[in-house]
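>
Numbering (our numbering), first residue to last: 14 to 304.
(1) Considering only residues of the region 114 to 187, which uninterrupted beta strand (DSSP E) runs meet the minimum length of 3 residues and lie entirely inside it, listed in chain order?
(2) Taking Cβ positions only, does residue 125 come closer than 7 Å to chain C?
(3) Find out if the Cβ-Cβ distance for the pair residue 196, residue 232 is shorter than 7 Å.
(4) Output the residue ranges of the alpha helix (DSSP H) runs that lie fully inside the region 188 to 249 and measure 4 residues or longer, sorted by chain position.
(5) Among all the DSSP beta bridges, which residues are the ones paired with residue 78?
(6) With distances taken from CA atoms, which of 72, 229, 137 is nearest residue 245?
(7) Measuring straight from C-alpha to C-alpha, what distance separates residue 133 and residue 55?
(8) Taking only three categories from DSSP, how would you classify residue 252?
(9) Candidates 272, 267, 271: which alpha carbon is nearest residue 299's?
(10) What span of residues does the alpha helix (DSSP H) with residue 60 cover, start to end?
(11) Might you give, ordered along the chain, the residues of its own chain that have their beta carbon closer than 6 Å to the beta carbon of residue 80, omitting 5 neighbours on each side?
(12) If you reduce the DSSP assignment to three classes, tell me which class residue 86 lands in.
(13) Using DSSP with H/G/I as helix, E/B as strand and the rest coil, what is residue 285?
(14) So what's residue 94 in DSSP terms, helix, strand or just coil?
Set out below in structure tokens:
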């Protein structure tokens, strides 16, 4: 059921739930606080309520974590353009891991197919290539997702401050505060943010039950979502799902502050580039040529 403005009644119920059950927690002398800024006991109570809601909806136990940034860690990503074969295995691993809607389908990673003779020229990229086999002769591939910028234009335009950059370098979205205005989508020069137009089409069997409040928990209709470097995994010391799934080892991930990390080695020793460097977004996502 929807209102005349297209906002689902479930969405309204969810907001009323937050106001009604956590009014005392959300209001302080400084005004309303985001759920993630609450004291740990209050946060845990709210997360428990979410877990019960998801359990009823999907018929399975769903954990909603709240792991914070790890001290001394700033995540960075490096992708080897000389190895990527454009198979899109990363895309589907991301969809499965991060509970992205299947109907309508949302994909946080897009893979651009480009003629080698053009170089890294996204103006002539083909995002909908569909050959019998990849890689195609004369082609190379550039996967694009959130660049986790140090100077993110998307966070600056949000009128309700529902999105921000965490100390470990991950740009996050608080879905409970997002109002779906899509200003952040317009501001992102990488097309890395995606609007959830409908109630996520998730079969209970497809739901990944290991979730994070700021990451891959099932999103409601009418919010903007994006890659979070698999925050539910990386803050537990694991690789993002796309890194593990890549069949050719083109994806590298780690702590850029660690001089012995693989991603730091790549940045210091390989031919590295960032997308749209002239915009001064300062991405934490690097492309390089390993060979």
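C-beta: ideal position from N, C-alpha, C; glycine also.
Computed from a predicted model, the values in this text were never measured in an experiment.
Reading it off the structure:
(1) At a cut-off of 3 residues, the continuous stretches assigned as beta strand (DSSP E) that sit fully inside the region 114 to 187 are 123 to 128, 152 to 157, 176 to 178, 184 to 186.
(2) In summary, chain C is missing from the structure at hand, where a single protein chain is found.
(3) no
(4) 196 to 200, 244 to 247
(5) Per DSSP, 225.
(6) 229
(7) 48 Å
(8) coil
(9) 267
(10) 53 to 71
(11) 248
(12) DSSP, reduced to helix, strand and coil, places residue 86 outside both helices and strands of the structure shown, so it counts as coil.
(13) strand
(14) In this structure, DSSP gives residue 94 a state outside helix and strand, which the three-state scheme calls coil.
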